[in-house]
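J.:
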Amino acid sequence: MSEYNFNQIEKKWQRYWEENQTFKAADNTDKPKYYVLDMFPYPSGAGLHVGHPLGYIASDIVSRYKRAKGFNVLHPMGFDAFGLPAEQYAIQTGQHPAITTEQNIARYIEQLKNIGFSYEWEREVRTSDPSYYKWTQWIFMQLFNSYYDYTSNKAESIDKLVAAFETNGNADINAACDEDTPAFTAEDWKSMDEQEKAQLLLKYRLTYVADAVVNWCPALGTVLANDEVVGGVSERGGYPVERKLMRQWMMRITAYADRLLQGLDTIDWPEPVKEMQRNWIGKSVGAELDFAIEGDGHIKVFTTRIDTIFGVSFVVLAPEHELVAKITTNEQRAAVEAYVSQAKNKSERERMTDVKVVSGVFTGAYAINPLSNERVPVWIADYVLAGYGTGAVMAVPGHDSRDYAFAKHFNLSIPQVVEGGNLEEEAYAGKEGKIINSGFLNGLEVKDAIKAGIAKAEELGVGKGRTQFRMRDAVFSRQRYWGEPVPVYFKDGIPHLLNESELPLELPKIDAYLPTETGEPPLGRAVDWKYQDQYEYELSTMPGWAGSSWYWYRYMDPQNDQAFADKDKVAYWRNVDLYMGGAEHATGHLLYSRFWNMFLYDLGLVVEKEPFKKLINQGMIQGRSNFVYRVKDSNTYVSYGLRKQFDTTPLHVDVNIVENDELDLEAFKAWRPENATAEFILEDGKYICGVEIEKMSKSKYNVVNPDILVERNGADTLRMYEMFLGPLEQFKPWNTHGMDGVTKFLKRFWKLFHDNDGNFVVTDEEPTAAELKSLHKTIKKVEEDIERFSFNTSVPTFMICVNELIPLKTNKRAILEPLTIALAPYAPHIAEELWEKLGHSESISFAPFPAWDEKYLVENTFEYPVSVNGKTRGKLAFATDTPREEMEKAVLADEQIVRFMEGKAPKKIIIVPNKIINVVV
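For the sequence shown, the residue numbers in the UniProt record's numbering are 1 to 921.
1. Might you give, ordered along the chain, the residues of its own chain that have their beta carbon closer than 7 Å to the beta carbon of Gln730, omitting 5 neighbours on each side?
2. Between Asn499 and Trp482, what straight-line distance do the alpha-carbon atoms span, to the nearest angstrom?
3. Of all the options Ala670, Asp654 and Ala715, which has the alpha carbon lying nearest to the alpha carbon of Cys689?
4. Under three-state DSSP, which class holds Pro796?
5. I need the straight-line Cα distance from Asp159 to Tyr147, nearest angstrom please.
6. Ignoring anything shorter than 4 residues or poking outside the region 190-266, list the alpha helix (DSSP H) runs there in chain order.
7. Beta-carbon within less than 8 Å of Arg813's beta-carbon, same chain only, minus the 5 sequence neighbours each way: which residues are those?
8. According to DSSP, simplified to helix, strand and coil, what is Thr518?
9. Would you decide whether Leu371 is buried or exposed? Buried here means 16 or more other CB atoms lie within 10 Å of its CB.
10. What first and last residue would you give for the alpha helix (DSSP H) that runs through Trp17?
11. Exposed or buried, what is Gly78 when buried is set at 16 or more other beta-carbons lying within 10 Å of its beta-carbon?
12. Measuring alpha carbon to alpha carbon, tell me which residue in Gly738, Ala457 and Gln479 is nearest Gly286.
13. Does DSSP classify Tyr579 as helix, strand or coil?
14. Counting only the same chain and skipping the five closest in sequence on each side, list residues whose C-beta sits under 7 Å from that of Glu331.
15. What's the gap between the Cα of Tyr428 and the Cα of Asp400?
16. Relative to the ligand FMN, is the shortest distance from any of its heavy atoms to the C-beta of Asp664 smaller than 7 Å?
17. Distance, Cα to Cα, Asp492 vs Pro521?
18. Quick check on the DSSP output: the beta strand (DSSP E) that includes Arg466 runs from which residue to which?
19. On the three-pair Cβ rule with 8 Å, is the region 522-535 touching the region 470-478?
20. From Phe862, Thr797, Leu772 and Lys773, pick the residue whose C-alpha is nearest to that of Glu784; which is it?
21. Can you check the region 33-89 for any alpha helix (DSSP H) of at least 4 residues that lies completely inside it and give the ranges in chain order?
22. Return yes when the Cβ of Pro41 is within less than 8 Å of the Cβ of Glu722, no when it is not.
23. Around the C-beta of Glu833, are 16 or more other C-beta atoms found within 10 angstroms, so that it is buried, or is it exposed?
24. Report the three-state DSSP secondary structure of Tyr428 (helix, strand or coil).
25. I need the DSSP call for Gln622, collapsed to helix, strand or coil.
26. In terms of residue numbering, what span does the beta strand (DSSP E) encompassing Ile916 cover?
27. Which same chain residues end up closer than 7 Å to Leu651 when comparing Cβ atoms and leaving out the 5 residues on each side of it in sequence?
28. Tell me, to the nearest whole angstrom, how far the beta carbon of Tyr133 is from that of Glu484; I am working on the premise that it is less than 8 Å.
29. I want to know whether the region 99-115 touches the region 506-526 - three or more CB-CB distances under 8 Å.
30. Report the three-state DSSP secondary structure of Trp550 (helix, strand or coil).
31. Which of the three DSSP states is assigned to Lys401 in this structure?
32. Would DSSP call Ile436 helix, strand or coil?
33. Could you pull the DSSP bridge partners for His496 from this structure?
34. Three-state secondary structure (DSSP) at Met394?
35. Within 10 Å of its beta-carbon, does Pro218 have 16 or more other beta-carbons around it, so buried, or fewer, so exposed?
36. Quick one: residues in its chain with C-beta nearer than 7 Å to the C-beta of Gly641, no 5 flanking neighbours on either side, listed in chain order?
Right, dumping it as structure tokens:
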């Protein structure tokens with residue numbers, strides 16, 4: 001093969017890698033291990049666009065480089081295959097989600113293989129495969145059978161808790177549990193029946209059933225996670241979402257809050273992601289106070305600033321707070337109910353960020369300040385969230401901006417209790433000063449006042465010091481079909497686990513994928529689906545994050561049917577060395593994964609506390625949208641430069657029928673039926689489209705299919721071009737036309753190995769100093785770039801090197817062989833082909849990465865300006881140790897210099913070392 005035929009070459013080596021399992025990792029070896037993982041994709045029907053492979057290419061470069069550096073590399077791929085999109089498609093078409101999921105996965109695998117990733121496909125996992133979700137269910141069962149012991153600071157067996165109850169009740173228990181857990185003695189415990197004991201244990205279990213305020217989407221018939229709600233509507237479909245109290249499975253992630261915070265200091269993650277997790281966990285140290293309600297009951301309030309207690313002029317409840325209906329007076333009931341209904345349609349995110357709109361309703365009730373004994377009104381407002389703190393706040397408008405705005409709007413009092421400025425005059429912004437107008441706290445510094453306030457509240461029995469977390473327990477059930485069944489059945493309303501031998505509990509067949517007519521989840525449609533033919537199974541399924549919260553361990557041992565992974569294999573691979581994926585998962589997948597990993601660590605099932613040592617968030621490749629301009633009330637389209645002469649409407653056009661912003665007119669006519677009769681007003685005989693950089697989206701017709709580019713330019717070109725676009729973490733616009741530069745580079749690289757007739761010609765001659773310098777500075781730069789994940793700067797380095805070698809007519813094995821190995825992580829197909837041509841029978845994947853030598857990088861040449869009778873006539877480069885006689889010979893052999901000597905013999909040649917050469921004739 002003399003020409004660079006990338007299509008043939010790439011298919012050939014992709015077959016070779018698959019047939020020879022080139023990238024198969026050993027499960028135990030003397031080599032150091034390196035585990036590279038991409039966040040596995042959800043396989044949508046649209047397949048991959050050019051933005052998706054960005055992180056995959058980067059992680060593949062690292063994987064191939066680490067193999068060349070002598071590491072045993074684990075680089076697997078799988079699919080997060082449960083989810084709402086497949087279920088929605090099933091609802092619309094009646095087709096089982098498993099069928100579309102299988103089709104979509106097949107499409108993804110084909111596309112991924114076409115780009116030449118070094119995945120070990122033999123380890124592929126799919127979360128929707130029963131052999132996989134058997135172990136997701138098994139982990140759920142371990143959580144159900146565990147509680148969190150704050151004394152040992154880890155998860156413990158529920159049996160240990162029961163034993164403690166039997167001995168001494170819960171008097172000495174220091175464990176994570178529900179707020180309303182009662183105190184009881186051993187005698188109380190023993191007198192309870194099995195149902196009462198089971199109910200009490202649910203208050204301690206790490207997964208439990210409880211009433212929770214959730215995002216309910218009636219149109220989709222399911223609960224949605226916070227990140228699935230945008231602007232008060234579902235991200236998928238744009239349907240209204242309301243906050244609703246529902247019976248749900250929960251995960252007691254709050255038990256791990258402190259450890260999740262501390263663990264962030266031990267991992268190499270982007271600081272913005274760590275900060276997002278810190279804010280989400282939201283640790284606050286303060287006090288919990290009881291505000292007695294006039295008539296009956298009390299409101300629990302958490303505050304970090306008990307020193308401002310004398311500045312409280314009202315209390316605010318979240319609209320969903322359980323006390324609202326109870327304390328609202330008849331006169332205020334209609335207004336309160338209307339406000340509560342309105343608040344249901346706003347997401348938590350909207351309520352937290354919409355600071356300009358002030359709204360609220362007085363309940364008609366009053367509460368008593370526990371330290372000042374003042375009577376304060378109780379309001380409801382949507383800026384208070386039921387899921388944060390206690391769902392109630394003591395409002396101190398003199399020193400809190402939202403409370404201040406609320407008080408001003410509703411004409412409530414604004415007392416000042418801390419020296420340092422009232423919000424009416426300037427932003428208080430947490431300034432610390434002395435306490436004023438505050439009874440027994442008067443004159444104290446803020447820190448001392450906080451201590452004194454907590455002590456007084458505890459002395460009076462109206463409050464206590466407390467550490468509070470913003471993070472709530474995670475809702476762990478979805479009213480969907482296409483998810484993992486929960487391995488639970490109900491007996492007398494109490495959940496019971498299946499036996500481990502009965503796993504997996506597989507999804508039953510149903511006649512439709514909608515909720516039942518009576519409002520039950522889709523699983524309620526299953527016929528005769530009962531445990532032991534009599535007990536109801538749980539009808540909700542697990543959320544999408546269940547299967548992705550432990551999947552990296554399954555890659556270590558994907559075929560094991562006796563455990564989620566063999567202990568020895570877990571001990572060898574330990575955890576992920578490099579994890580590549582999007583920052584949008586910061587408070588979802590990445591947080592839940594850390595939680596499940598810590599739990600498995602507590603049980604002694606894994607050996608690392610943290611799942612992912614290093615995380616890199618790749619940026620987004622943005623689409624380059626093109627526009628056509630339709631003249632109003634016509635089917636005529638005017639070119640971009642002429643558009644202002646007409647009344648036009650800009651319309652997105654498929655970028656695949658546009659090249660260099662020029663529209664393919666015939667392709668446009670064939671694109672849509674209504675375009676068949678289109679007419680065009682051209683400029684210089686062409687239709688030029690408008691351009692805008694936007695997010696890649698099918699609706700904007702700017703999605704670029706990598707299959708087309710691989711077919712047209714080659715996978716190696718695509719891989720190098722995506723890296724060339726810019727720093728990995730940044731957003732970058734896509735421009736298909738820019739790929740030509742990489743294509744030309746690969747052709748020039750190929751030509752180094754061939755003569756003008758296309759024959760493969762590589763010699764064993766000794767390389768020159770210039771060749772060695774070019775090679776070694778390239779190896780050094782590429783190694784440094786990969787080690788610091790700066791892939792974009794390696795591509796021009798390769799280009800510069802080839803541009804330096806071409807005029808030197810380099811075809812020496814000593815130069816081309818190591819250069820090919822260095823290029824292989826970026827362009828593996830061409831590297832494999834040339835490696836084979838160089839006479840090697842084993843894949844280049846196993847060739848050691850070349851070492852660079854500093855001695856070749858020292859500047860050991862000088863380029864002399866050469867003059868004839870004092871006038872510069874050319875330049876010649878010489879090594880610094882070149883003998884004078886050789887320099888003189890070279891000068892007199894140079895055609896350009898001789899031409900200016902006009903046939904005269906030189907009288908003398910003056911050489912000033914590292915300065916000039918002057919020929920005197």
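Just so you know, even glycine gets a beta-carbon here, dropped at the ideal spot from N, CA and C.
T.: On the basis of the coordinates in this document:
1. Here residue 730 corresponds to residue number 730 of the sequence shown, with the count starting at 1. Only Gly619 meet the Cβ criterion.
2. Here residue 499 corresponds to residue number 499 of the sequence shown, with the count starting at 1. Here residue 482 corresponds to residue number 482 of the sequence shown, with the count starting at 1. Cα-Cα distance, rounded: 23 Å.
3. Along the sequence shown, read from residue 1 onward, the residue named residue 689 stands at position 689. Residue Asp654 is the option with its Cα nearest to Cys689.
4. Residue mapping note: residue 796 aligns to position 796 of the sequence shown, counting from 1. Here Pro796 sits in helix by DSSP.
5. Position 159 of the sequence shown, counting from 1, holds the residue named residue 159. Position 147 of the sequence shown, counting from 1, holds the residue named residue 147. Roughly 9 Å between the two C-alpha positions.
6. 194-202 and 257-263
7. Counting from one through the sequence shown, the residue named residue 813 turns up at place 813. Excluding positions up to five away in sequence, the list reads Val762, Thr763, Asp764 and Leu838.
8. Numbered from its first residue, the sequence shown carries residue 518 at position 518. Thr518: coil per DSSP, three-state reduction.
9. Residue numbering aside, residue 371 sits at position 371 when the sequence shown is read from its first letter. Counting Cβ neighbours within 10 Å, Leu371 comes out buried, since at least 16 surround it.
10. If you number the sequence shown from 1, residue 17 lands on position 17. For Trp17, the enclosing alpha helix (DSSP H) starts and ends at Phe6 to Asn20.
11. Within the sequence shown, numbered from 1, the residue matching residue 78 stands at position 78. Gly78 comes out buried.
12. For the purposes of this step, residue 286 is identified with residue 286 of the sequence shown, where counting begins at 1. From the listed residues Gly738, Ala457 and Gln479, the smallest Cα separation to Gly286 is found for Ala457.
13. As a first step, residue 579 must be located in the sequence shown, where it is residue number 579. Tyr579: strand per DSSP, three-state reduction.
14. Numbered from 1 along the sequence shown, position 331 holds the residue referred to as residue 331. Around Glu331: Gly364.
15. Within the sequence shown, residue 428 is the residue found at index 428, counting from 1. Within the sequence shown, residue 400 is the residue found at index 400, counting from 1. In this predicted model, Tyr428 has a pLDDT of only 45, less than 50, meaning its place in the structure is not dependable enough to derive any value.
16. You won't find the ligand FMN in this model; it holds no ligand whatsoever.
17. Stepping through the sequence shown from its first residue, residue 492 is reached at position 492. Stepping through the sequence shown from its first residue, residue 521 is reached at position 521. Rounded to the nearest angstrom, the two C-alpha atoms are 20 Å apart.
18. Numbered from 1 along the sequence shown, position 466 holds the residue referred to as residue 466. Element bounds for Arg466: Gly463 to Phe469.
19. Short answer: they don't touch.
20. Here the question's residue 784 lines up with position 784 in the sequence shown. If we check each option's Cα against that of Glu784, Thr797 comes out closest.
21. 53-68
22. For the purposes of this step, residue 722 is identified with residue 722 of the sequence shown, where counting begins at 1. For the purposes of this step, residue 41 is identified with residue 41 of the sequence shown, where counting begins at 1. Cβ distance not < 8 Å, so Glu722 and Pro41 don't count as in contact.
23. By 1-based counting over the sequence shown, the position of residue 833 is 833. Label assigned to Glu833: buried.
24. Start at 1 with the first residue of the sequence shown, and residue 428 comes out as number 428. At Tyr428 the pLDDT is 45, less than 50, meaning the model places this residue with poor confidence; the figure from the coordinates comes in the next sentence. Judged by DSSP in its simplified three-state form, Tyr428 adopts coil rather than helix or strand.
25. Taking the sequence shown and counting its residues from 1, the one referred to as residue 622 is at position 622. Reduced to three states, the DSSP call for Gln622 is strand.
26. Taking the first residue of the sequence shown as 1, we reach residue 916 at position 916. Start and end: Ile916 to Val920.
27. As a position in the sequence shown, residue 651 is number 651, starting the count at 1. Phe627, Val628 and Arg630, listed in sequence order.
28. Taking the first residue of the sequence shown as position 1, residue 133 is located at position 133. Taking the first residue of the sequence shown as position 1, residue 484 is located at position 484. Tyr133 to Glu484, Cβ: 4 Å. Contact.
29. no
30. On the sequence shown, position 550 is the one that residue 550 refers to. In the structure shown, Trp550 sits in coil (DSSP, three-state: anything other than H, G, I, E or B).
31. Along the sequence shown, one-based indexing puts residue 401 at 401. According to the sequence provided, residue 401 is Ser. The question's Lys does not apply to it. DSSP places Ser401 in helix when its eight states are reduced to three.
32. As a first step, residue 436 must be located in the sequence shown, where it is residue number 436. Judged by DSSP in its simplified three-state form, Ile436 adopts coil rather than helix or strand.
33. Translated into positions along the sequence shown, residue 496 becomes position 496. Its beta-bridge partners are Tyr489.
34. As a first step, residue 394 must be located in the sequence shown, where it is residue number 394. It is a strand residue.
35. In the sequence shown, counting from the first residue as 1, residue 218 sits at position 218. Counting Cβ neighbours within 10 Å, Pro218 comes out exposed, since fewer than 16 surround it.
36. Residue numbering aside, residue 641 sits at position 641 when the sequence shown is read from its first letter. Its chain contains Glu683 and Ile688 as the residues whose beta carbon lies nearer than 7 Å to that of Gly641, once the 5 sequence neighbours on both sides are disregarded; these appear in chain order.
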